[in-house]
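Number of protein chains: 2
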Amino acid sequence: MTEPLRLGIAGLGTVGAGVVKIVRQKANLLTARTGRPVVITAVSARSRDKDRGVNLSDFAWEDDPVKLAQRDDVDVFVELMGGADGPAKAATEAAIAAGKDVVTANKAMLALHGQELALSAEAAGRVIRLEAAVAGGIPVVKALTEGLAGNQIERVMGVMNGTCNYILTRMESAGLPYAEVFEEANQLGYLEADPTLDVGGIDAGHKLALLASIAFGTKVAFDDVELEGIERITIDDIEQAADMGYKIKLLGVAQLTGRGLEQRMSPCLVPAISPLGQLEGGTNMVVLEGDHVGQIVLRGAGAGEGPTASAVMSDVLDIARGIRVSTFGQPADMLEAAKAAKSAAPAPYYLRMTLHDKPGALAKIATVLGESGVSVDRMRQYSHEDTSAPVLIVTHKTTRAALDDAIAGFEATGVVASPPVAIRIETV
Amino acid sequence: MTEPLRLGIAGLGTVGAGVVKIVRQKANLLTARTGRPVVITAVSARSRDKDRGVNLSDFAWEDDPVKLAQRDDVDVFVELMGGADGPAKAATEAAIAAGKDVVTANKAMLALHGQELALSAEAAGRVIRLEAAVAGGIPVVKALTEGLAGNQIERVMGVMNGTCNYILTRMESAGLPYAEVFEEANQLGYLEADPTLDVGGIDAGHKLALLASIAFGTKVAFDDVELEGIERITIDDIEQAADMGYKIKLLGVAQLTGRGLEQRMSPCLVPAISPLGQLEGGTNMVVLEGDHVGQIVLRGAGAGEGPTASAVMSDVLDIARGIRVSTFGQPADMLEAAKAAKSAAPAPYYLRMTLHDKPGALAKIATVLGESGVSVDRMRQYSHEDTSAPVLIVTHKTTRAALDDAIAGFEATGVVASPPVAIRIETV
């Protein structure tokens with residue numbers, strides 16, 4: 001196969017510009033690696049005049065991405081516009097209908113419509129590839145679908161939103177409160193236009209839902225992801241966690257058990273000495289656990305022009321080489337619907353609360369925990385502030401249901417001064 | 429393609445038995461992922477009677493692996509015998525001549541004969557795949573050849589011999605001398621029959637030479653790897669490095685520069701807080717640096733039944749799916765011969781020596797370093813032991829040639845009581 005592979009690129013933000021640079025600068029290398037030239041024939045974006053630092057004059061221009069997707073001189077439609085619906089989805093559907101393969105970085109679109117899009121692509125004999133949609137430059141989709149294909153995957157975990165990890169590690173290193181570091185991140189341009197996508201865990205939740213589908217052969221079920229953002233994490237939590245040898249991370253965890261598919265994207269405590277605990281700043285990390293391979297950890301840049309463009313090119317070059325692995329690693333019509341198992345796997349928890357300075361307050365809390373079947377591993381009471389005392393509890397493994405039962409019972413004791421914060425401690 | 433893919437497995441040690449288990453236990457999963465059944469038709473090993481914990485009665489038996497490789501009912505010859513020459517090479521050649529694809533875990537064979545074997549396979553339209561030959565279960569070959577295929581690779585680094593990393597981290601944690609921990613590792617069965625393969629860096633050097641070829645599109649040049657084992661590392665080095673914020677690792681580094689291809693497998697100092705520095709025990713880690721993706725770190729088990737069998741299956745399942753990437757990521761006849769550039773890239777060095785307790789001894793050493801163009805970053809003199817004093821020097825970036833010049837000059841000063849130890853500090 002020495003015919004050129006012809007790309008049509010829709011969306012010329014930083015990632016699109018990065019792809020143009022790689023295709024242009026690395027023509028010989030890419031041909032050596034795939035056995036055929038890779039060329040861009042046409043592009044599309046909102047504004048034709050904007051200076052993107054790359055020369056687009058060799059490429060045909062389309063104002064409408066749907067038209068781009070349908071062009072006869074395009075073999076692969078590269079979707080880099082973003083947005084779960086609207087033009088991105090319309091153009092992706094048009095590309096499939098016109099018999100094109102699709103490479104996309106669009107996690108929101110795939111988390112919400114991936115099953116349906118993959119089904120129609122596969123019915124048409126085409127593929128939709130998504131390496132760039134998860135964890136930026138880290139080749140995690142390839143590791144899961146191909147590298148570990150001989151394994152039953154047991155658990156997938158990851159820190160997949162660099163902005164949240166930046167905020168949490170910066171809070172710790174600078175001793176600053178959440179609101180202040182959030183504002184810093186905003187000034188630095190680290191946050192999405194709607195910051196809830198980042199700090200609310202939604203963006204990372206999209207990625208987790210995609211990885212879970214690939215890992216377990218289940219239908220993408222973003223709505224079943226238990227989402228909890230980092231907005232309620234205080235500097236106290238971070239410092240007290242550190243004091244006990246833990247770091248707080250916005251951690252995604254997916255596992256398929258007899259109880260169903262558990263998908264959580266929420267703040268967790270992880271051991272400070274674990275690879276996840278040691279992850280600083282905006283870097284991403286994905287942990288894959290297979291029944292034969294054991295634990296594989298992948299670490300790299302989760303965003304940015306170069307890393308995301310590198311992931312886009314990985315999919316493009318696969319197609320150039322004739323590698324046509326399906327979107328979710330197996331045909332979309334074989335993916336199973338899994339029952340959602342919310343926080344079913346037992347875990348130790350970290351509990352922080354403030355108790356009124358009354359005799360026997362701590363004993364009352366311990367009694368309620370015991371009655372709910374939650375056993376205490378460690379407990380610390382800090383020196384009193386006025387008439388109340390901060391208390392920290394690490395439980396033994398328990399279910400979230402038992403813990404919630406205990407927390408509900410705390411109120412009746414009349415000794416709790418502020419609502420308890422409960423954070424799961426993930427065994428990594 | 430729904431015809432079964434038929435495997436013939438030569439070598440039924442732990443890895444071979446692991447492959448048999450996966451193929452048998454995961455039949456449905458593998459078919460779902462690849463679209464066709466994967467089956468074992470025939471096996472071969474030294475002894476037919478040995479109990480390997482797996483039932484082999486369904487498979488045809490061949491005493492001679494060459495016969496196995498030639499069987500009509502074998503599509504893929506899985507070579508798990510080991511040994512650079514002899515039966516492994518003969519059977520691999522026979523498999524290619526008979527039109528079979530080959531999957532192998534044999535790093536020694538490929539490091540010495542990979543170019544020639546890949547050429548003949550590619551001339552015959554077949555592939556030789558080698559994921560299991562490097563870093564056990566870590567899908568690093570796939571990450572380099574496919575996941576990062578849009579990048580010019582700038583540097584490859586890795587801790588790829590778990591036994592050496594076990595010895596070095598155990599020396600530190602237990603405060604034991606090399607000889608004692610070596611004996612421990614021996615008792616635990618961690619060492620190869622010829623332990624020089626491990627502690628002399630040869631096994632890890634084979635892996636590095638393969639990764640360098642893939643990363644840079646150069647011919648495999650194991651003979652050009654600068655090899656230095658861990659035998660001379662003392663507990664003093666480890667403790668003094670730790671004192672300055674470093675760990676000592678048997679680190680492979682390959683980079684292609686204007687001066688040529690540099691390949692080193694040698695003890696290096698790395699920052700204690702880096703992912704490489706934090707790697708404890710027998711785990712492997714590979715660091716890949718691409719011009720677009722930046723730094724990607726991969727971590728996992730580098731040996732053992734499950735991890736290595738997982739890597740073998742990755743290649744088998746690729747072939748089942750019709751993925752036929754060439755051994756070194758591009759056709760073997762396109763690989764370039766690169767000039768060997770021995771330790772050409774400048775780096776800071778750690779120098780440890782003992783000086784006679786004479787006035788001006790340290791000044792003499794500093795003068796010799798200055799005359800060779802080596803500038804000193806930090807220097808520590810420890811309290812005297814009898815008539816000599818241990819001295820520790822960290823240099824600024826320098827070439828190995830300048831450093832060797834200085835070390836040669838130390839002798840003439842008459843103040844050096846024991847031969848200096850020089851260890852490179854790798855910027856990671």
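Chains as they are written, first to last, in our numbering: chain A, 1 to 428; chain B, 429 to 856.
Don't be surprised by glycine CBs; every beta carbon is placed ideally from N, CA and C.
Predicted, not measured: the structure shown is a model, and the values here were computed from it.
1. For L707 of chain B, does the count of other Cβ atoms within 10 angstroms reach 16, so buried, or fall short, so exposed?
2. Taking the straight line between their C-alpha atoms, what separation do you get for V822 of chain B and F216 of chain A?
3. Is it true that the CB of A470 of chain B sits closer than 7 Å to the CB of A497 of chain B?
4. Could you have a look at R48 of chain A and say whether DSSP puts it in helix, strand or coil?
5. Quick one: is M762 of chain B near chain A, going by C-beta distance under 7 Å?
6. For K429 of chain A, decide whether its Cβ has a neighbour in chain B, counting only Cβ atoms nearer than 7 Å.
7. Is the distance from the Cβ of L210 of chain A to the Cβ of V134 of chain A below 7 Å?
8. For R259 of chain A, name the three-state secondary structure that DSSP assigns.
9. Could you pull the DSSP bridge partners for F59 of chain A from this structure?
10. Quick one: Cα of K825 of chain B to Cα of M585 of chain B, how far?
11. Assuming F505 of chain B is part of the beta strand (DSSP E), what are its boundary residues?
12. Which residues, in order along the region 574 to 602 of chain B, keep a beta-carbon less than 7 Å from a beta-carbon of chain A?
13. Using the rule of at least 16 other Cβ atoms within 10 Å of the residue's Cβ for burial, across every protein chain shown, is H384 of chain A buried or exposed?
14. Does A17 of chain A come within less than 7 Å of chain B when only Cβ atoms are used?
15. DSSP three-state label for P605 of chain B, please.
16. If we call anything under 7 Å between Cβ atoms a contact, is D224 of chain A one with A303 of chain A?
17. Is G710 of chain B near G590 of chain B, with beta carbons less than 7 Å apart?
18. Does the beta carbon of A551 of chain B come closer than 7 Å to any beta carbon on chain A?
19. Is the shortest distance between the beta-carbon of G705 of chain B and the beta-carbons of chain A less than 7 Å?
20. Run the CB neighbour count on E116 of chain A, radius 10 Å, all protein chains shown included, and call it buried at 16 or more, exposed below.
21. Compute the Euclidean distance between the alpha carbons of T31 of chain A and V38 of chain A, then round it to the nearest angstrom.
22. In the DSSP assignment, find the alpha helix (DSSP H) that holds T196 of chain A and state where it starts and stops.
23. Answer yes or no: does any C-beta atom of chain B fall closer than 7 Å to that of R352 of chain A?
24. On the DSSP bridge list, what partners appear for R806 of chain B?
25. Can you have a look at G360 of chain A and say buried or exposed, based on whether 16 or more other CB atoms are within 10 angstroms of its CB?
26. What are the start and end residues of the beta strand (DSSP E) that includes D859 of chain B?
27. For A632 of chain B, does the count of other Cβ atoms within 10 angstroms reach 16, so buried, or fall short, so exposed?
28. Check for me: the beta strand (DSSP E) holding T795 of chain B runs from which residue to which?
29. Closer than 7 Å, CB to CB, is I884 of chain B near chain A or not?
30. Identify the residues that DSSP records as bridge partners of A347 of chain A: which are they?
31. Assign N186 of chain A to one of two classes, buried (16 or more other C-beta atoms within 10 Å of its C-beta) or exposed (fewer than that).
32. Would you list the residues sitting across from K249 of chain A in a DSSP beta bridge?
33. Listed in chain order, which residues of the region 29 to 48 of chain A have Cβ atoms closer than 8 Å to some Cβ of chain B?
34. Between K816 of chain B and A834 of chain B, is the Cβ-Cβ spacing less than 7 Å?
35. What does the alpha-carbon distance come out to for the pair G446 of chain B and A10 of chain A?
36. Can you check whether the CB of L619 of chain B is closer than 7 Å to the CB of G680 of chain B?
By the coordinates alone:
1. Translated into positions along the second sequence, residue 707 of chain B becomes position 279. Buried.
2. The count along the second sequence starts at 1 and reaches residue 822 of chain B at position 394. The count along the first sequence starts at 1 and reaches residue 216 of chain A at position 216. One C-alpha to the other measures close to 50 Å.
3. What you label residue 497 of chain B is simply residue 69 of the second sequence in a count that begins at 1. What you label residue 470 of chain B is simply residue 42 of the second sequence in a count that begins at 1. Against a cut-off of 7 Å, the Cβ pair of A470 of chain B and A497 of chain B comes out as no contact.
4. Here residue 48 of chain A refers to the residue found at position 48 when the first sequence is read from its first residue. R48 of chain A: coil per DSSP, three-state reduction.
5. The residue labelled residue 762 of chain B in the question sits at position 334 within the second sequence. It does: the Cβ of M762 of chain B has a partner Cβ on chain A nearer than 7 Å.
6. Past the edges of chain A, shown from 1 to 428, lies residue 429 of chain A, and the structure says nothing about it.
7. By one-based count along the first sequence, residue 210 of chain A stands at place 210. By one-based count along the first sequence, residue 134 of chain A stands at place 134. Going by C-beta atoms, L210 of chain A is nearer than 7 Å to V134 of chain A.
8. The sequence position of residue 259 of chain A within the first sequence is 259, counting from 1. Of the three classes helix, strand and coil, the one that applies to R259 of chain A here is coil, per DSSP.
9. Position 59 of the first sequence, counted from the start, is the residue given in the question as residue 59 of chain A. Bridge partners of F59 of chain A: none, in fact.
10. Reading the second sequence from its first residue, position 397 is the one you call residue 825 of chain B. Reading the second sequence from its first residue, position 157 is the one you call residue 585 of chain B. Rounded to whole angstroms, K825 of chain B to M585 of chain B spans 19 Å at the Cα level.
11. Within the second sequence, numbered from 1, the residue matching residue 505 of chain B stands at position 77. Counting along the chain, the beta strand (DSSP E) containing F505 of chain B begins and ends at 504 to 507.
12. E574, G575, L576, A577, G578, N579, Q580
13. On the first sequence, residue 384 of chain A is found 384 positions in, with the first residue counted as 1. Exposed, because fewer than 16 other Cβ atoms sit within 10 Å of the Cβ of H384 of chain A.
14. Working through the first sequence from its first residue, we reach residue 17 of chain A at position 17. No, because no Cβ of chain B sits closer than 7 Å to the Cβ of A17 of chain A.
15. Position 177 of the second sequence, counted from the first residue, corresponds to residue 605 of chain B. Here P605 of chain B sits in coil by DSSP.
16. By one-based count along the first sequence, residue 224 of chain A stands at place 224. By one-based count along the first sequence, residue 303 of chain A stands at place 303. Not a contact, by the Cβ cut-off of 7 Å.
17. Reading the second sequence from its first residue, position 282 is the one you call residue 710 of chain B. Reading the second sequence from its first residue, position 162 is the one you call residue 590 of chain B. Going by C-beta atoms, G710 of chain B is nearer than 7 Å to G590 of chain B.
18. The residue given as residue 551 of chain B occupies position 123 in the second sequence. Closer than 7 Å: no.
19. Here residue 705 of chain B corresponds to residue number 277 of the second sequence, with the count starting at 1. Chain A contact via Cβ: absent.
20. As a position in the first sequence, residue 116 of chain A is number 116, starting the count at 1. Label assigned to E116 of chain A: exposed.
21. Taking the first residue of the first sequence as 1, we reach residue 31 of chain A at position 31. Taking the first residue of the first sequence as 1, we reach residue 38 of chain A at position 38. Cα to Cα, the separation comes out at about 7 Å.
22. Here residue 196 of chain A corresponds to residue number 196 of the first sequence, with the count starting at 1. Start and end: 196 to 199.
23. One-based indexing of the first sequence puts residue 352 of chain A at position 352. So no, R352 of chain A is outside the interface.
24. Position 378 of the second sequence, counted from the first residue, corresponds to residue 806 of chain B. DSSP output for R806 of chain B lists B:V822 as bridge partner(s).
25. Counted from its first residue, the first sequence places residue 360 of chain A at position 360. Exposed.
26. Absent from the structure is residue 859 of chain B, since the part of chain B shown begins at 429 and ends at 856.
27. Translated into positions along the second sequence, residue 632 of chain B becomes position 204. When all chains shown are included, A632 of chain B counts as buried.
28. Within the second sequence, numbered from 1, the residue matching residue 795 of chain B stands at position 367. T795 of chain B -> not in any beta strand (DSSP E); alpha helix (DSSP H) instead, spanning 789 to 799.
29. Limits of chain B in this structure are 429 at one end and 856 at the other, which puts residue 884 of chain B out of reach.
30. As a working mapping, residue 347 of chain A is identified with position 347 in the first sequence. Paired residues: A:T398.
31. On the first sequence, residue 186 of chain A is found 186 positions in, with the first residue counted as 1. N186 of chain A should be labelled exposed.
32. Taking the first sequence and counting its residues from 1, one reaches residue 249 of chain A at position 249. According to DSSP, which records beta bridges pairwise, K249 of chain A is partnered with A:C268.
33. L29, L30, A32, R33, T34, G35
34. The sequence position of residue 816 of chain B within the second sequence is 388, counting from 1. The sequence position of residue 834 of chain B within the second sequence is 406, counting from 1. The amino acid at residue 816 of chain B is misidentified as Lys; the sequence shows Ser. Cβ distance not < 7 Å, so S816 of chain B and A834 of chain B don't count as in contact.
35. By one-based count along the second sequence, residue 446 of chain B stands at place 18. By one-based count along the first sequence, residue 10 of chain A stands at place 10. G446 of chain B and A10 of chain A: Cα-Cα distance of roughly 46 Å.
36. Your numbering for residue 680 of chain B matches position 252 in the second sequence. Your numbering for residue 619 of chain B matches position 191 in the second sequence. No, the pair does not count as a contact, with Cβ atoms beyond the cut-off.
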